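Residue numbers (this note's numbering), protein chains in the order written: chain A, 1 to 335; chain B, 1 to 335; chain C, 1 to 335; chain D, 1 to 335. Beta carbons are placed, not taken as given, at the ideal position from N, Cα and C, and that holds for glycine. Given the structure is predicted, the values throughout are model-derived calculations rather than measurements. Right, one structure below, let's go through it.
Protein chains: 4
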Amino acid sequence: MLNIAVLGCGRIGRMHADNIAAHPDAALAGVYDIHAPAADEVSQKLEVKNFASAEEIMASKEVDAVLIATSTATHADLIEAAVAVGKPILCEKPIDLSLDRVNLCAQRIAGSDVPIMLGFVRRFDPGHRAVRNAIAEGKLGDLRQVIISSRDPAIAPDAYIEASGGIFRDMTIHDFDMARFQTGEDIAEVFATGSRFVAPALMERCGDYDTISVILRTVSGKQVLINNSREAAYGHDQRVEAFGGAGMAISENRRNHMATVHTAAGTNLGAPLQHFFIDRYAEAFANEIGAFVTAVENKAQPEVGFEDGRQALIIAEAAFKSIAEGRAVKVEEIA
Amino acid sequence: MLNIAVLGCGRIGRMHADNIAAHPDAALAGVYDIHAPAADEVSQKLEVKNFASAEEIMASKEVDAVLIATSTATHADLIEAAVAVGKPILCEKPIDLSLDRVNLCAQRIAGSDVPIMLGFVRRFDPGHRAVRNAIAEGKLGDLRQVIISSRDPAIAPDAYIEASGGIFRDMTIHDFDMARFQTGEDIAEVFATGSRFVAPALMERCGDYDTISVILRTVSGKQVLINNSREAAYGHDQRVEAFGGAGMAISENRRNHMATVHTAAGTNLGAPLQHFFIDRYAEAFANEIGAFVTAVENKAQPEVGFEDGRQALIIAEAAFKSIAEGRAVKVEEIA
Amino acid sequence: MLNIAVLGCGRIGRMHADNIAAHPDAALAGVYDIHAPAADEVSQKLEVKNFASAEEIMASKEVDAVLIATSTATHADLIEAAVAVGKPILCEKPIDLSLDRVNLCAQRIAGSDVPIMLGFVRRFDPGHRAVRNAIAEGKLGDLRQVIISSRDPAIAPDAYIEASGGIFRDMTIHDFDMARFQTGEDIAEVFATGSRFVAPALMERCGDYDTISVILRTVSGKQVLINNSREAAYGHDQRVEAFGGAGMAISENRRNHMATVHTAAGTNLGAPLQHFFIDRYAEAFANEIGAFVTAVENKAQPEVGFEDGRQALIIAEAAFKSIAEGRAVKVEEIA
Amino acid sequence: MLNIAVLGCGRIGRMHADNIAAHPDAALAGVYDIHAPAADEVSQKLEVKNFASAEEIMASKEVDAVLIATSTATHADLIEAAVAVGKPILCEKPIDLSLDRVNLCAQRIAGSDVPIMLGFVRRFDPGHRAVRNAIAEGKLGDLRQVIISSRDPAIAPDAYIEASGGIFRDMTIHDFDMARFQTGEDIAEVFATGSRFVAPALMERCGDYDTISVILRTVSGKQVLINNSREAAYGHDQRVEAFGGAGMAISENRRNHMATVHTAAGTNLGAPLQHFFIDRYAEAFANEIGAFVTAVENKAQPEVGFEDGRQALIIAEAAFKSIAEGRAVKVEEIA
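In structure tokens:
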């Protein structure tokens with residue numbers, strides 16, 4: 001039984017707490033949130049300890065591992081603290097908005113073998129993983145192109161956007177990681193373009209974009225096309241396509257049920273796309289906890305780790321630079 | 001908070017126990033099984049009381065309601081016992097294999113207003129319900145035909161089949177109820193035909209069939225076509241179609257994910273059909289508990305009750321008689 | 001080059017004339033219609049001879065084969081006439097509405113080896129044939145059930161219905177043949193039920209039904225479920241499903257294109273079902289001419305012949321008898 | 001009746017000749033090919049005149065309009081010749097591989113009102129057009145992104161590739177036109193990347209690419225992502241997606257039929273993708289002839305004309321320049 005404490009009891013932290021409690025080989029060792037009432041609610045509902053501070057969690061003998069779901073600015077500190085006490089870490093993305101801070105953190109934890117897993121949850125989606133499996137099993141032959149479409153159902157509040165580090169660090173970062181996951185390679189070059197269609201004034205103010213297209217080239221020359229939008233009237237659109245010399249695989253959108261209605265007005269798929277990412281990726285989040293528990297139990301590094309988080313952030317920086325300069329930016333210019 | 005005790009800790013009872021524990025407005029008050037180790041396992045895992053007998057549950061002040069998932073032969077007795085102490089009941093189908101026993105039970109509980117819900121779980125499947133909603137909302141116009149395909153992935157063990165009461169009482173009973181649910185009407189007439197393809201010797205021995213087709217007519221003349229098989233090599237096949245004057249709706253099969261693989265050999269839907277009914281109807285089982293809790297909280301009769309269970313059994317008897325006599329049998333000949 | 005004359009220049013005759021003209025190994029030798037202007041139009045458009053009578057066609061040395069698309073009552077006479085002069089025949093279904101007349105025709109042409117093909121066009125649909133191929137190639141294992149759904153988009157004019165011989169002889173006859181095509185067996189037993197939903201007064205007057213369900217049993221015990229409606233608000237619904245010990249195959253409806261539209265109101269398949277049977281089965285009609293030409297060139301009997309037409313009519317008679325008597329009718333009671 | 005002569009009797013010319021012959025308001029006035037036997041075959045099969053030269057066609061009073069399907073290098077000359085004699089033109093793409101030659105042609109025909117239609121056939125595909133219609137009808141709100149996937153089933157022979165002008169001028173040119181068709185705008189900026197996966201040695205020799213990804217920006221800032229491959233093991237892959245503020249539409253691939261086969265090994269879509277572009281776009285080619293005939297009859301300019309051909313070529317040049325310089329190239333740098 002792996003006793004995991006959850007730091008941060010917002011929407012994502014609470015969901016992780018539920019998944020840990022439901023996992024047969026894990027137990028929720030307690031929770032903490034800087035905003036005490038949030039932690040109170042979870043600790044009461046799930047009947048677990050409400051820790052007074054992150055420090056108390058790090059020091060507790062009842063805590064085997066930590067899940068970090070606090071605000072982004074605290075991630076690197078908490079990773080360093082957990083590594084210092086040898087507690088395995090599952091940390092929500094991103095590690096930090098600043099690549100310098102991420103690099104400093106990397107330096108500080110260098111040499112440690114404490115398992116660190118980054119919360120790139122989409123790697124654990126059954127559909128996206130089926131595409132990766134098709135590649136890995138050779139069904140698609142040599143991989144040539146990957147196409148990733150990610151559109152959020154609705155834009156987050158202004159305050160969230162303003163603090164997000166921009167679309168590439170906050171949203172596309174998942175797709176940058178998906179590109180590395182599907183191709184199994186590092187990215188060599190980034191070309192990006194962005195538009196302001198959803199919230200032009202806000203985006204102008206933040207120097208940010210709400211609708212973007214990106215082409216990545218991997219080190220071996222594979223092409224990855226990514227498109228993102230902060231808003232999709234028809235729901236949470238999440239698709240991944242891989243194309244190779246012997247075939248193609250697509251992870252299409254999912255629906256709550258498969259009932260269709262046929263009338264003189266046409267044929268309607270009865271169920272809308274799921275709107276909320278926690279619903280869309282419910283299985284993926286549960287699988288992610290499972291993968292973390294398994295890795296820790298096997299004393300193995302999780303399949304998605306600190307360096308994956310760092311690489312995705314580097315690509316995000318390259319994307320902003322590409323827009324600014326209207327050219328393909330080599331990742332080595334950033335790293 | 002509704003405290004529900006579960007009687008019967010087999011595969012279905014355990015699943016119900018988990019769903020009760022996970023429901024925000026319900027709590028698992030304890031479990032019981034005539035085979036003590038089965039109950040021990042659940043009571044330990046979920047940290048709830050292990051009752052010594054069904055009687056103890058009926059007498060307990062800590063138990064607000066009961067879920068009956070014991071063997072079929074005990075259902076009617078337990079229903080009568082729970083009604084006697086005023087505890088709301090969610091009972092797995094069928095009420096009994098004998099219509100006489102069901103009628104006796106009906107007589108004994110007559111006049112009681114204790115909520116009794118029958119476990120026709122498929123009514124709570126989001127897809128099948130979306131079809132019913134399309135009918136109820138008038139999208140399909142006047143309903144004319146319903147087509148129900150139910151095929152189990154693999155035949156149950158011989159002992160199960162021998163004690164099942166035959167395919168119509170054990171398996172098609174779900175479809176008979178689905179016919180009444182979708183049409184919103186009672187059945188007037190039944191024609192059935194059966195074959196022995198899957199396990200001919202066993203079926204011969206039991207006077208049973210493993211592959212059947214049935215046509216029902218409702219009291220207003222709507223037609224319902226049902227087909228069943230005890231075996232489907234490709235998975236658990238569960239489809240419901242409703243056809244009316246203004247349109248048609250189909251609840252199609254569901255898959256674990258929506259990834260497809262395209263090669264020179266063709267296009268393959270990546271995910272197989274779910275094989276196990278508890279997976280296929282996972283949401284439906286959870287919704288069923290929800291509907292029961294809501295009905296009890298509102299002091300209302302659940303939407304699927306004792307009489308629904310009785311009607312489905314009557315149709316099953318009519319189906320066996322139809323095969324025996326090679327003619328359409330009126331339900332009133334049975335009831 | 002096979003020179004084929006078309007008798008009957010109605011909607012179907014004209015379509016066949018176009019397909020013959022377009023076939024690389026066939027030529028349209030001329031046309032005839034009792035209503036001269038209909039034949040004039042086709043002969044002028046396609047620049048072919050307008051024969052003065054059926055007799056002239058039968059006597060013409062420029063005519064190698066005949067396609068009979070005249071009114072049903074003339075089919076048997078024309079078949080006999082063509083057999084008498086040794087001209088291969090492609091005849092629209094049904095041979096005649098009267099089984100006695102069909103039997104007499106059978107007697108009169110007995111012993112002839114003139115190729116006679118019946119226009120059960122659906123056998124030549126690529127989708128329905130793919131289902132048959134899956135059976136024939138053993139992909140589905142031993143065949144157990146076939147489900148056929150056929151719904152016309154709109155009911156024909158009263159005069160057509162009144163002269164049609166009833167739904168089983170006019171519409172379901174295609175499905176009876178499809179049942180024999182897919183199972184590769186003769187039918188042993190028929191149970192039918194009918195309702196009057198679309199045009200109750202007309203159906204009452206004709207002793208006919210507009211909405212029917214039928215269960216057939218083949219000689220080896222395979223089950224076939226058929227449902228028909230004279231009206232389907234959402235278009236021409238044509239589906240065939242085959243289920244066997246190793247798998248299942250379905251020929252689903254076709255659409256003019258595969259564009260989908262996704263909005264907040266849901267997902268809509270952009271193209272409606274095809275409404276007109278000549279559009280829906282356009283490829284099948286062309287394939288049918290091809291199969292006829294090939295059979296004649298190879299001096300072989302076509303794969304669907306006179307006896308297939310007779311068997312389908314026998315099943316239709318059994319279906320009417322089944323409704324009248326409320327019981328399963330053995331085909332041998334009719335034949 | 002519009003009498004159209006076909007210049008060039010290769011695979012595409014023959015297909016156009018058939019479509020003209022089948023069109024109710026058009027007639028095939030004759031054919032010509034520099035390789036006489038090719039023209040002989042068509043003229044004999046379709047029983048039309050075999051012209052001795054292009055000049056004879058231009059001079060003929062029996063020819064109302066011309067369809068140019070000769071080799072690319074002759075297109076501009078033939079356009080100029082037809083304009084000179086006032087004969088409406090339907091010309092296969094591209095106008096010429098050299099933008100200078102296209103510009104010269106534009107200069108020479110300036111001021112003429114002879115209808116000129118460019119053979120961007122995909123605009124006439126029912127599915128791709130349904131996407132455009134969804135945009136035009138406002139169903140998708142303000143358009144934001146377009147995603148075009150075009151993959152050929154197999155690479156053309158070396159000699160074809162060597163003379164093709166490169167992938168952007170030969171293959172992507174269709175997608176560049178599709179981008180302008182769907183967005184209804186001119187393109188302002190092009191970023192392209194290319195790889196050599198299919199035929200590396202050939203591509204190296206030609207300075208060409210067989211697998212490309214492109215991002216276009218329209219003048220108003222809409223984004224278009226294009227991906228192409230000269231080879232797709234699974235068939236001719238042709239998809240177009242449009243995404244706007246109110247919704248999304250996709251034109252998916254088409255299949256010959258809709259039969260599916262379900263076994264323990266999974267679910268297979270029975271029909272492969274169509275492999276040959278003439279099959280895939282059969283309806284589009286027929287619609288294209290129809291649009292040309294209608295435009296000429298109405299003395300209107302066709303909806304896709306000379307300038308569309310020129311614009312697509314300019315984008316192709318910008319794409320090659322973008323790869324060479326690793327940056328986004330403004331279209332105005334080329335034009």
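Next on the checklist: Which residue wins for smallest C-alpha separation from arginine 255 (chain C), given the options D:Ala110, D:Pro126, D:Asp152 and D:Glu80?
Outcome noted: D:Pro126
Checklist entry - Quick one: is glycine 111 (chain A) near chain D, going by C-beta distance under 8 Å? => result no
Next on the checklist: Taking a contact to mean a Cβ-Cβ separation below 8 Å, would you say proline 94 (chain A) touches glycine 309 (chain A) in this structure?
Outcome noted: yes
Checklist entry - So alanine 110 (chain C) is in the alpha helix (DSSP H); what residue range does that whole segment cover? => result No alpha helix (DSSP H) contains alanine 110 (chain C), which DSSP labels as neither H nor E.
Checklist entry - With respect to the alpha helix (DSSP H) encompassing tyrosine 234 (chain D), which residues constitute its N-terminal and C-terminal limits? => result Note, tyrosine 234 (chain D): premise wrong, no alpha helix (DSSP H); not H, not E.
Checklist entry - Between the beta-carbon of alanine 246 (chain C) and the beta-carbon of isoleucine 135 (chain C), is there less than 8 Å? => result no
Checklist entry - Does the beta carbon of threonine 74 (chain D) sit closer than 8 Å to a beta carbon anywhere in chain C? => result no
Checklist entry - Could you check where the alpha helix (DSSP H) with glycine 266 (chain D) kicks off and where it finishes? => result Taken as a continuous stretch (DSSP letters only), glycine 266 (chain D) belongs to no alpha helix (DSSP H), being part of the beta strand (DSSP E) at 266-269.
Checklist entry - What residues in its chain sit with their C-beta under 7 Å from that of glycine 86 (chain B), if we drop five residues either side in the sequence? => result Val114
Checklist entry - In angstroms, rounded to a whole number, what distance separates the CA positions of leucine 216 (chain A) and alanine 328 (chain D)? => result 14 Å
Item to check | Short CB-CB distance (under 8 Å) between glycine 266 (chain B) and chain D | outcome: yes
Checklist entry - asparagine 253 (chain D) and aspartate 279 (chain D) look like a contact to me (Cβ under 8 Å); what is the Cβ gap, rounded to whole Å? => result Not really, about 12 Å apart at Cβ, beyond 8 Å.
Item to check | Contact set for glutamate 273 (chain D): own chain, Cβ-Cβ below 7 Å, skip 5 residues either direction | outcome: Looking at the sequence shown, residue 273 (chain D) is not glutamate but leucine. Answer for leucine 273 (chain D): Tyr234, Gly235, His236, Asp237, Asn253 and Arg255, listed in chain order.
Item to check | Cβ of threonine 352 (chain A) within 8 Å of any chain C Cβ | outcome: This structure does not reach residue 352 (chain A), given that chain A is present from 1 up to 335, and the question cannot be answered.
Checklist entry - Using a beta-carbon distance below 8 Å, is alanine 163 (chain B) in contact with chain A? => result no
Checklist entry - At which residues does the alpha helix (DSSP H) containing glycine 13 (chain D) begin and terminate? => result 11-22
Next on the checklist: Using a Cβ-Cβ cutoff of less than 6 Å, which residues in the same chain neighbour threonine 172 (chain D) once the five nearest sequence positions on both sides are dropped?
Outcome noted: Asn228
Checklist entry - Taking the runs of the beta strand (DSSP E) that are 3 residues or longer, which of them lie wholly in the stretch 204-233 of chain C? => result 211-218 and 223-229
Next on the checklist: Is there a Cβ of chain B sitting closer than 8 Å to that of alanine 259 (chain D), yes or no?
Outcome noted: no
Next on the checklist: To be precise: take each residue of the stretch 138-159 of chain B, compare its Cβ to all Cβ atoms of chain D, and keep it if any distance is under 7 Å. Which residues remain?
Outcome noted: none
Next on the checklist: Residues in the same chain with beta-carbon distance under 7 Å from tyrosine 209 (chain A), minus the five sequence neighbours each way, listed in chain order, please.
Outcome noted: Ile167, Gly194, Ser195, Arg196 and Met203
Checklist entry - What in chain A is Cβ-close to asparagine 287 (chain B), meaning under 7 Å? => result Those within 7 Å of asparagine 287 (chain B) in chain A number zero; the least Cβ separation is about 12 Å.
Next on the checklist: Just to confirm the assignment: which complete beta strand (DSSP E) runs, minimum length 3, are found wholly within the stretch 23-77 of chain C?
Outcome noted: 26-32 and 65-68
Checklist entry - Can you name the residues of chain C whose CB is closer than 9 Å to the CB of serine 53 (chain B)? => result Correct list: empty, because the minimum Cβ distance to chain C is about 46 Å.
Checklist entry - Counting only runs that start and end within the stretch 140-180 of chain D, where is the alpha helix (DSSP H) found for 4 or more residues in a row? => result 158-162 and 167-170
Item to check | Alpha-carbon to alpha-carbon, glycine 184 (chain B) and alanine 312 (chain B) | outcome: 13 Å
Checklist entry - Among the residues of its own chain, which have a CB less than 6 Å from the CB of serine 322 (chain D), if the five just before and after it don't count? => result Val190, Phe191, Ala192 and Val329
Next on the checklist: Let's test the definition: count the other Cβ atoms within 10 Å of the Cβ of valine 219 (chain D) and tell me whether it reaches 16, buried, or not, exposed.
Outcome noted: exposed
Item to check | Which listed residue (B:Val296, B:Thr267, B:Ser43 and B:Ala249) has its alpha carbon closest to that of glycine 270 (chain A) | outcome: B:Ala249
Checklist entry - How would you write the range of the beta strand (DSSP E) that leucine 90 (chain D) sits in, first residue to last? => result 89-91
Next on the checklist: Please identify, using Cβ separations under 7 Å, the residues of the stretch 225-254 of chain D that lie next to chain B, in order along the chain.
Outcome noted: Ala233 and Tyr234
Checklist entry - Going by C-alpha distance, which of C:Phe120, C:Gly141 and C:Glu162 is nearest phenylalanine 292 (chain C)? => result C:Phe120
Checklist entry - What first and last residue would you give for the alpha helix (DSSP H) that runs through asparagine 287 (chain A)? => result 282-297
Checklist entry - When DSSP labels each residue in this structure, what does alanine 199 (chain B) get in the three-state scheme? => result coil
Checklist entry - Of the residues that make up the stretch 268-283 of chain D, which ones have a beta carbon closer than 8 Å to any beta carbon in chain A? => result none
Next on the checklist: Please report whether the beta-carbon of alanine 328 (chain A) lies at a distance below 8 Å from any beta-carbon of chain D.
Outcome noted: yes
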